[in-house]
Amino acid sequence: MRVRISNIGGITSPLDIDLSKGVNVYTAPNAYGKTSLSRALVSMLTTEVKPEDLLNVFADSGYIEVRYNDKEYYRRIKRVKNKLAENAKLIMDDKRALLLSYFSPENKLLNQILGGQEQIEWFISSTSEIEKVKQLKMNVDERLKILKEEHEELKSKYKDAVTIQAEIRSIENEIETLKKETESDRLINSTTQSISVTRQNKLAELNSKIEQKKKELLDLQTKHTRLELDIQQKESMITPEIKKIFEDQLNEINQELQRKSALRNETEIGIRVLERVMDEIKDAEKNHLDTCYVCGSHVDPEIWRTRIDVISEQLRMRQNSFESVKKEIDELTRKKDEITRKLAEFENIRNEVVKLKTKKQELLNRMEMVKEQIGELERQKREMEDRFNKNSEVIRVTGPENAVTKRINELMNKKSQLEYELANLGIPASTLNKIKEKEKEIEELEAQSQELQREYIRRLSVAKEEFTKIANSLMRELEFNLEAEITPDFQLVVKRNGTLMDLRKLSSSERTSLALILVVTAIKSYFKTPFFIVDESFMTFDQRRFQKLVNYLSGLTDYIIITRSDENVSLVKEEKAETEVPPSQ
C-alpha cells in the first residue's frame, strides 16, 4: 500500500512511503508528523475527520493519496477564500473507524478505561451498529410526539365545535319560538314590518360583518407590528461582522488547540521516559549496583539516591507542566464548543428571520384581502341605506321598535358569529374522523416503538455476550490473570482470581491492554478494516503481550502500522513473532 501526503497537519514536505502487508513500524522524532500520518490514514476510512482537521493551517492546498489493492483513493483539499473545498474518494466511510482503526491517546474507549469509567453500552451499540435501531426508535418517538400533539389539538377543536353546534341549535329554537309569538303582529302590518325587519336585519348583519372585519384587520396590524420588531431585533443579531468575529475566534482556538495538543503529547512522552529512568535507577539503588546502566562507568552506590531526587524533581515539574497544558486544552475545548454553539445559534436565527419574513408577507396579503372585504361591505351598506331612504316616505312602522324583533336580530347576529367560528373549526363529524385516524396512527407507531425497543435490547444482549466470550478467550490466550464481564446494565466488570477489581486499581498496562482487547473484539465481530494504527509511543505495554496482540491483529487486517518516537526516521516491516496467538473461532 503506497501512501503520499503533503501539507496535512505537521507534514509540510511531501511524504511518500510504501507499507507492506503485515506489521510496519514507523519511527520519527517528536513533532515530526507521526500523529498527522495516522490521522491522514484514518481519514481515508471516514468523513468524521473533517478537511479542517487535516489541512495545515498555513497551507492553501494539501492531499492524501493511497493506492490500496491496485485502486487509487484520495482526499484533496484546497483553501478558497477562507473556505475549504475537497475532492475525495475514500476506501470506506464508516465513523466506527475512529474507534476501531486507530489506537492512540485520542481513542475514546481508551480514555474511558484509563479513567476508570465502566459504562460501555455506547461502545457496544456503536461498534455493532445497533445504535441504528436506537436512532430509528428515536425517529419513531419524535413522530409519535408530533402526532399526539396534533391529536390533542383535534380533540380540543372537536369539543369547541360540538359546544358551538349546541349553542346554534339553542339559538334557532329560541328564534323559532319568538317568530311564532310575533306571527299575529306581522300579519297586521306585514308589508311595513317586513321591510323594517329586513332593513334592520340586513343593516345589522352588515354592521356586524364590518366590525368583525375591522377587528380582524386591527389584530393583523398588531401582529404585523410585533413581527416587524422581531425581525429587526433578530437581524441585528446576525450581521456578517458578528459571524466573522465568531469564525475568527474559532480558527484561532483551533490553531491553539493543535499547538497545545502537540505540547501535551511531547510532555507526556517525556514523563514516560523519566518514569522508566526512575524505575532503572531505583532497581540500581535497591541492588547496590556500582556500574551505570547507561554508560557502564563506575558509580558510587550512594549516588543513586541523589539521582533519584533529581529525577523526581524533574518528573514533578513535567507532571505539573502536563496538568497545566491539559487544563489549557480543556478550557480551549470549552471555548471552542461555546463558539460552535453560538455559530449554530447564528444559523438558527437566520433561518428564523427567513420564516418570519415569509409570515410577514402572508400577513400583508391577508391585510389587503380584509381591507378589500371591508370596502365591499361598506359599499353594500351605503347602497342599502340609499335604497331605504328613497322609500322612507312609503314605509310606516306602527308603534315603537318591537322588543321581540330586536331580540331576534340579536340572536341572528350571534348565530352568524357562531357559524363563522364553526366554519373555522371544521365540522365535528369530519374532525372526529381525523381524530380516529390519528388514534390509529398513534397506536401503530406506539407498537412500532415498543418493537424497536425490544429489538434494540435483544441485539445489545447478543452483542454483550459475544464481547464477553471473545474478550475473555483472548485474555486467557494472552495469559492475563483477569476475567471480564459485562453486567445487564452494561457496566464493564473485571475480576482477578474471582475478586472484583476497580478499573482504577489495575495497572496502566492492564487498562491499556483491556481497552485494546475490546477494540480487537469489536473488529473481529463487526468491523472489517484495511489497516490498524497503533501509537505505541504513549503506552506502557508488556511488550510480549503487545506483540501477541499485534500478531492476533495480523489475522484480522492486512496492514498494521505502529508509530514510535525515535531520533531517526525509518519505516521497517516487522516480521511476525513465533509466539503468535491464532484468532479464536
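Numbering (the working numbering), first residue to last: -19 to 565. Here a beta-carbon is modelled for each residue, glycine too, at the ideal position from N, C-alpha and C.
Inset, instruction - Write down the C-beta distance between Thr26 and Lys75 rounded to the nearest angstrom, noting that I regard them as a contact closer than 8 Å. - result: Residue numbering aside, residue 26 sits at position 46 when the sequence shown is read from its first letter. Residue numbering aside, residue 75 sits at position 95 when the sequence shown is read from its first letter. With a Cβ gap of about 5 Å, Thr26 and Lys75 count as contacting.
Inset, instruction - Pull up the DSSP beta-bridge partners for Gly42, would you. - result: Here residue 42 corresponds to residue number 62 of the sequence shown, with the count starting at 1. In the DSSP output, where bridge partners are listed per residue, Gly42 has Ile57.
Legend entry - Inter-stretch contact at 8 Å, needing at least 3 Cβ pairs: the region -18 to 0 / the region 37 to 44: yes
Inset, instruction - Select from Arg362, Ile319, Glu303 the residue whose C-alpha is nearest the C-alpha of Gln229. - result: In the sequence shown, counting from the first residue as 1, residue 229 sits at position 249. Cα-wise, what sits closest to Gln229 is Ile319.
Inset, instruction - Please say whether Ser18 and His34 have beta carbons closer to each other than 7 Å? - result: The count along the sequence shown starts at 1 and reaches residue 34 at position 54. The count along the sequence shown starts at 1 and reaches residue 18 at position 38. Per the sequence presented here, residue 34 reads as Leu, with His not at that position. Against a cut-off of 7 Å, the Cβ pair of Ser18 and Leu34 comes out as no contact.
Legend entry - Beta carbon of Lys361 nearer than 7 Å to that of Leu186: Within the sequence shown, residue 361 is the residue found at index 381, counting from 1. Within the sequence shown, residue 186 is the residue found at index 206, counting from 1. The answer is yes: Cβ separation under 7 Å.
Inset, instruction - Starting from the C-beta of His131, find all residues in its chain whose C-beta is less than 8 Å away, skip the five residues before and the five after it, and write them out in chain order. - result: Counting from 1 along the sequence shown, the entry for residue 131 is found at position 151. For His131, where only same-chain residues beyond five positions count, the Cβ hits under 8 Å are Ile415, Lys418, Glu419, Ile422.
Legend entry - Alpha-carbon to alpha-carbon, Asn231 and Tyr400: Stepping through the sequence shown from its first residue, residue 400 is reached at position 420. Stepping through the sequence shown from its first residue, residue 231 is reached at position 251. Approximately 58 Å between the Cα atoms of the pair.
Legend entry - Inter-stretch contact at 8 Å, needing at least 3 Cβ pairs: the region 309 to 316 / the region 263 to 272: no
Inset, instruction - Tell me, please, which residues DSSP counts as bridged to Glu463. - result: For the purposes of this step, residue 463 is identified with residue 483 of the sequence shown, where counting begins at 1. Bridge partners of Glu463: Lys475.
Legend entry - Rounded straight-line distance, which links the Cα of Leu336 to that of Leu209: The residue you call residue 209 lines up with position 229 of the sequence shown. The residue you call residue 336 lines up with position 356 of the sequence shown. Cα to Cα, Leu209 sits roughly 11 Å from Leu336.
Inset, instruction - Identify which residue in Lys189, Ser136, Lys30 has its Cα closest to the Cα of Lys395. - result: For the purposes of this step, residue 395 is taken as the residue at position 415 of the sequence shown. Selected option, being the one with the closest Cα: Lys189.
Inset, instruction - Please report how far the alpha carbon of Ile513 lies from the alpha carbon of Leu498, in whole angstroms. - result: Here residue 513 corresponds to residue number 533 of the sequence shown, with the count starting at 1. Here residue 498 corresponds to residue number 518 of the sequence shown, with the count starting at 1. Answer to the nearest angstrom: the Cα atoms are 15 Å apart.
Inset, instruction - Decide yes or no for the touch test of the region 348 to 362 against the region 209 to 229: beta carbon pairs closer than 8 Å, at least 3 of them. - result: no
Inset, instruction - Please name the residue in Asp546, Leu425, Arg387 whose C-alpha comes closest to that of Ile155. - result: Taking the sequence shown and counting its residues from 1, one reaches residue 155 at position 175. Comparing Cα-Cα distances from Ile155 to each of Asp546, Leu425, Arg387, the minimum goes to Arg387.
Inset, instruction - Go ahead and pull the three-state DSSP assignment for Arg123. - result: By 1-based counting over the sequence shown, the position of residue 123 is 143. Of the three classes helix, strand and coil, the one that applies to Arg123 here is helix, per DSSP.
Inset, instruction - Take Ile93 as the anchor and find which of Leu486, Asp515, Leu533 has the nearest alpha-carbon. - result: Counting from 1 along the sequence shown, the entry for residue 93 is found at position 113. Of the listed residues, the one whose Cα sits closest to Ile93 is Leu486.
Legend entry - CA nearest to the CA of Thr338, picked from Tyr436, Tyr539, Leu207, Lys475: By 1-based counting over the sequence shown, the position of residue 338 is 358. The shortest Cα separation from Thr338 among Tyr436, Tyr539, Leu207, Lys475 belongs to Leu207.
Legend entry - Where the alpha helix (DSSP H) through Glu435 begins and ends: As a first step, residue 435 must be located in the sequence shown, where it is residue number 455. Run containing Glu435: 408 to 457, per the alpha helix (DSSP H) assignment.
Inset, instruction - Look at the alpha carbon of Val374 and the alpha carbon of Phe368, and state the distance between them as a whole number of angstroms. - result: Residue 374 sits at position 394 when you count from the first residue of the sequence shown. Residue 368 sits at position 388 when you count from the first residue of the sequence shown. Residue confidence for Val374 is low, a pLDDT of 43 falling below 50, so the modelled location carries little weight and cannot support an answer.
Legend entry - Inter-residue spacing [alpha-carbon to alpha-carbon] between Ser241 and Ile233: Against the sequence shown, residue 241 aligns to sequence position 261. Against the sequence shown, residue 233 aligns to sequence position 253. If I take the Cα positions, the gap works out to 12 Å.
Inset, instruction - Go through its chain and collect everything with a Cβ distance to Asn181's Cβ below 7 Å, but skip five positions before and after it. - result: As a first step, residue 181 must be located in the sequence shown, where it is residue number 201. Cβ neighbours of Asn181 beyond the five flanking positions: Asn389, Met392.
Inset, instruction - Could you tell me the boundaries of the beta strand (DSSP E) in which Asn67 lies? - result: Within the sequence shown, the letter at position 87 stands for residue 67. Segment 63 to 69, the beta strand (DSSP E) holding Asn67.
Legend entry - Own chain residues within Cβ distance below 7 Å of Ile251, not counting five before or after: Position 271 of the sequence shown, counted from the first residue, corresponds to residue 251. Taken in chain order, the residues that qualify are Leu295, Arg298, Gln299, Phe302.
Inset, instruction - Enumerate in chain order the residues of its own chain whose CB-to-CB distance from Ser108 is below 6 Å, with the five nearest sequence positions on each side excluded. - result: For the purposes of this step, residue 108 is taken as residue 128 along the sequence shown, with counting starting at 1. Same-chain partners within the cutoff: Ala443, Tyr506.
Inset, instruction - Please determine if the region 111 to 125 and the region 474 to 484 are in contact, where contact requires at least 3 C-beta pairs separated by less than 8 Å. - result: no
Legend entry - Classification of Ser7 by the beta-carbon crowding that lies within 10 angstroms, buried from 16 upward: Residue 7 sits at position 27 when you count from the first residue of the sequence shown. Reading off the sequence, residue 7 comes out as Thr, not Ser. Thr7 is buried by the Cβ-count criterion.
Legend entry - Other residues of its chain near Val142: CB distance less than 8 Å, five sequence neighbours each side excluded: The count along the sequence shown starts at 1 and reaches residue 142 at position 162. Counting only Cβ-Cβ distances below 8 Å, and skipping sequence neighbours, we find Pro408.
Legend entry - Nearest-angstrom Cβ-Cβ length linking Ala427 and Thr501, presumed shorter than 8 Å: Taking the sequence shown and counting its residues from 1, the one referred to as residue 427 is at position 447. Taking the sequence shown and counting its residues from 1, the one referred to as residue 501 is at position 521. That pair is no contact at about 35 Å.
Inset, instruction - Would you kindly check if the distance between the Cβ of Gly13 and the Cβ of Ile(-3) is under 7 Å? - result: For the purposes of this step, residue -3 is taken as residue 17 along the sequence shown, with counting starting at 1. For the purposes of this step, residue 13 is taken as residue 33 along the sequence shown, with counting starting at 1. No, Cβ-Cβ distance for Ile(-3) and Gly13 is not below 7 Å.
Inset, instruction - Mind checking who Asn207 pairs with in its DSSP beta bridge? - result: Reading the sequence shown from its first residue, position 227 is the one you call residue 207. Note on residue identity: the sequence assigns Leu, not Asn, to residue 207. None, per the DSSP bridge assignment.
Inset, instruction - Determine the extent of the alpha helix (DSSP H) in which Val500 is found, giving its start and end residues. - result: Numbered from 1 along the sequence shown, position 520 holds the residue referred to as residue 500. Residues 488 to 506.
Legend entry - Straight-line Cα distance separating Lys125 from Ser429: Locating residue 429 in the sequence shown gives position 449, counting from the first residue. Locating residue 125 in the sequence shown gives position 145, counting from the first residue. The straight-line gap from Cα to Cα measures roughly 12 Å.
Inset, instruction - Look at the alpha carbon of Glu246 and the alpha carbon of Lys449, and state the distance between them as a whole number of angstroms. - result: Within the sequence shown, residue 246 is the residue found at index 266, counting from 1. Within the sequence shown, residue 449 is the residue found at index 469, counting from 1. Rounded to the nearest angstrom, the two C-alpha atoms are 38 Å apart.
Legend entry - Residue nearest to Lys159 in terms of C-alpha spacing, selected from Glu424, Ala383, Ser304, Ile222: Taking the first residue of the sequence shown as 1, we reach residue 159 at position 179. Selected option, being the one with the closest Cα: Ala383.
Inset, instruction - Would you decide whether Lys195 is buried or exposed? Buried here means 16 or more other CB atoms lie within 10 Å of its CB. - result: Residue mapping note: residue 195 aligns to position 215 of the sequence shown, counting from 1. Exposed is the call here.
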